[in-house]
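Protein chains in written order, with the working numbering: chain A, 342 to 563; chain B, 41 to 446.
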Amino acid sequence: MLAGTPEQAENYKQSDHWWGMLIDVPKCIGCGNCVRACAAENDVPEGYFRTWVERYHVSDENMTNPEVISPDGGKEGFPVAKEDAEKYFFVPKMCNHCADSPCTQVCPVGATFVSPDGVVLIDQKYCLGCAYCVQACPYGCRYIHPEKKVADKCTLCYHRITKGLTTACCESCPTGARQLVDLKNPKDPIHEFLKTHSVQVLKPQMATGAKAFYNGLDGSVR
Amino acid sequence: MCDLAMFLAEQVKTMNGVEGFMYPNEIGLQWSVLIVLYPFITGLVAGAFILASLERVFRVEAVKPTYRLALLTALSFLIVAPLPLQLHLGHPERSPEMYFTPHSTSAMAMFGYVYLWYLMAVLVLEIWLDYRQDIVLLSRSSKGLLRLVYKVMTLGSDNISPRSLHIDERVGWIVTLIGIPSAFLLHGYVGFIFGSIKANPWWSSPLMPVVFIFSAMVSGIAGVMLIYMAVTKLRKQQIDIRCVDTIAMYLFYIFIIDFSLEMLDLIHRVYEADESFRSLNFMVHTKLYFSHIVVQILLGTVTPLVLLFITQVVKLPEHVRKRMYVTSGCLALIGIFAMRWNVVIGGQLFSKSFLGYTTYKMALVTREGSLVAVGLTILPLFILWALVKLLPPFTQEHATQAATGD
């Protein structure tokens, strides 16, 4: 069973779930499957990303200033790394579905909100397109949809997870680097994982209550 | 093949004006020159109102010739203030939702209420109370459509007995008294919109609302001083030098406070040198060098401050002082516009990863292009011209003429 596998849609009750994502950094091979699957599943406009993959190159002398690339969001993979034996690793990024999300706080009409099951969503029929939420997101996860002229971002494939499926990115990941997790489900393997691993969130100083949990996250990751 | 695609993707990035690494959704700027205009315009409103209140509340009689002109200037700019925001929105037709279903935790949701409060409860009410006698007299002396317009503007209140005018005066004074914190609220709130974004270290500062308030006063006072001098010149009247001397003095002192606050913010950032410092420091020395160091600080702040300082300590002939005031006023406006530019545009040029920079390309003829921006900057001056025609601010002679039927 995949972590966080939700029950069937007919039994779905929002208050029984609290969704998040586990990202196992050492498992990511930078293949870009997740980016392509997300774009296809969610009709993501060209040049914008609901999820993307970054490749970090950290040298021993300059650990706080890594060289980072993400060509076309890592959709088509990455160029061959230099053979210098320095540290290279991939970091998948996406909306952190923060419990105390700054984007939700600033929306002037409440078009973006945290659902009772912990997913940050946008009511696109209500959004003004002011882009204040885009400015407020510390992780760069939001954008203004070029055609719809409203804010857009990862929905954690809400249309899928409420029907008993996992997200498109999790489903397409060949190494299981991404795992949908349900923190309210006592049987979810995430609980065991959190007990036994050193797990972090991105930019913890932002105090956003981020729910994208990273295993094996290097200190140089921004 | 794959490497070629990567190479091309990197070339496209360079062509897009990206240096280093930006999160992929950050490459295009979300807030354009129109969002630069918005704080610039509201700043002029707040500053003009504060100048007007000098005479009304603080009894600075020397600036009396600018009192009504300052109020009309504030109104002209306030009418235009929401337009850049409307033009920027992806769905402007949904903007009334900010009034009907405001989100209580959003600073931006307060905009509608602060704006309406300031427009209707402060500015329009104060102008109406101050002009009521003139409006009544003009409604009696005008003819045709204009007569009807003035009749409507009296709102049925045509009693201009001394007792009634005394009540107008007292109520007007109270409205101005309420108006001062309201003007601070209007512009302080604009500063808060930026200052409260913790995701952006270039914006996130509790000093931001205070800096915005004082820079607003600088721009508003400089703006009204220039408009007063230009209008008086156009009317072929004598510029009241005592009036402009006094305005220049206030401009100088408020400018010093404004500059000190901005420098305090800068020194604090440099000394603290947190994780964002290297990135911001690089930006100020490269992409923002011209607009921040050259235009905002040297040309738009230090130069007018030196000129104003000279006028305060050296006894100069009247015509020289006037020229120095005009130069300082123009430079101050340029400097404050540059400050707004550097806040709004500068705050989006660096990546929140602190690893890269993008470029702002201003379009010419688009909804958020430079032509629209220029149009919106000029529009308040046309509105002011119409307001001055409708409600002459140099009323003593006009009211007398109207009363005697000349």
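For glycine and all other residues, C-beta sits at the position ideal for the given N, C-alpha and C.
Item, Value
"Where does I418/B land, buried or exposed, given buried means 16+ other C-beta within 10 angstroms?", "exposed"
"Write down the C-beta distance between S447/B and I67/B rounded to the nearest angstrom, noting that I regard them as a contact closer than 8 Å.", "The structure shown does not extend to residue 447/B, since chain B spans only 41 to 446, so no value can be given for it."
"Taking only beta carbons into account, state which residues of the segment 62-78 of chain B come closer than 7 Å to chain A, listed in chain order.", "Y63, P64, N65, E66, Q70 and W71"
"If the criterion is Cβ atoms closer than 8 Å, does the pair Y555/A and I364/A meet it?", "yes"
"Residues in the segment 378-402 of chain A with C-beta within 7 Å of chain B's C-beta atoms, listed in sequence order?", "Y389, F390 and W393"
"Does DSSP put Q465/A in a helix, a strand or coil?", "coil"
"Taking CB distances under 8 Å as the criterion, tell me whether S411/A reaches chain B.", "yes"
"Is it buried or exposed for D441/A, if we count other Cβ within 10 angstroms and need 16 for buried?", "exposed"
"How should M41/B be labelled, buried or exposed, when 16 other C-beta atoms within 10 angstroms of its C-beta is the threshold for buried?", "Its pLDDT being 42, under 50, M41/B is placed unreliably by the model, and the measurement read from it follows with that caveat. That one is exposed."
"For chain A, is any of its Cβ atoms less than 8 Å away from the one on P122/B?", "no"
"Counting only the same chain and skipping the five closest in sequence on each side, list residues whose C-beta sits under 7 Å from that of G373/A.", "V394, G415, K416, E417 and G418"
"Is any beta-carbon of chain D found at less than 8 Å from that of L469/A?", "Looking at the structure shown, chain D is missing, and the protein chains on hand are A and B."
"Looking at the secondary structure, which residues open and close the alpha helix (DSSP H) in which G235/B lies?", "P202 to G235"
"Does the segment 120-127 of chain B come into contact with the segment 280-294 of chain B, if we say contact requires no fewer than three beta-carbon pairs (one atom in each stretch) closer than 8 Å?", "no"
"Report the three-state DSSP secondary structure of E395/A (helix, strand or coil).", "strand"
"Could you give the distance in angstroms between the alpha-carbon of V271/B and the alpha-carbon of P487/A?", "45 Å"
"At a Cβ cut of 8 Å, what residues of the segment 322-355 of chain B count as close to chain A, listed as they run along the chain?", "none"
"Indicate the three-state DSSP secondary structure (helix, strand or coil) for G396/B in the structure shown.", "strand"
"Return yes when the Cβ of S222/B is within less than 8 Å of the Cβ of V162/B, no when it is not.", "yes"
"Just mark W359/A as buried or exposed, buried being the case when its beta carbon has 16 or more other beta carbons within 10 Å.", "buried"
"Using the Cβ count rule (16 or more neighbours within 10 Å means buried), how would you classify S400/A?", "exposed"
"For P79/B and L226/B, what's the separation of their Cα atoms in angstroms?", "10 Å"
"Using alpha carbons as the reference points, say which of L165/B, V189/B, V164/B and E166/B lies closest to V176/B.", "V189/B"
"Nearest CA to the CA of V366/A: which residue from V455/A, R501/A, K544/A and P433/A?", "P433/A"
"Are Y171/B and S393/B touching if we call contact CB-CB under 8 Å?", "no"
"At which residues does the beta strand (DSSP E) containing T351/B begin and terminate?", "Element bounds for T351/B: not the beta strand (DSSP E) but the alpha helix (DSSP H), T343 to V353."
"Using a Cβ cut-off of 9 Å, which residues of the segment 388-401 of chain B contact any Cβ in chain A, in chain order?", "Q388, S391, K392, S393, F394, L395 and G396"
"If you compare alpha carbons, which of N352/A, M362/A, P457/A and S356/A is closest to L521/A?", "M362/A"
"Starting from the C-beta of M289/B, find all residues in its chain whose C-beta is less than 7 Å away, skip the five residues before and the five after it, and write them out in chain order.", "Q352"
"Nearest to L69/B by alpha carbon, out of A403/B, L411/B, Q388/B and S245/B?", "Q388/B"
"Roughly how many whole angstroms lie between the Cα atoms of T440/B and A114/B?", "Note on T440/B: pLDDT 44, under 50, position unreliable in the model; the coordinate value appears next. Their Cα atoms are separated by approximately 26 Å."
"Am I right that G235/B and P246/B are in contact with their C-beta atoms under 8 Å? What's the rounded C-beta distance?", "6 Å"
"Check whether the Cβ atoms of H332/B and C468/A lie closer than 8 Å to each other.", "no"
"Since I believe A378/A is in contact with A509/A (beta carbons under 8 Å), could you give me their beta-carbon distance rounded to a whole number of angstroms?", "4 Å"
"Could you pull out every residue in the same chain whose Cβ sits closer than 6 Å to the Cβ of S356/A, ignoring the five residues on either side in sequence?", "P457"
"Measuring only between beta-carbons, confirm whether P142/B sits less than 8 Å from chain A.", "yes"
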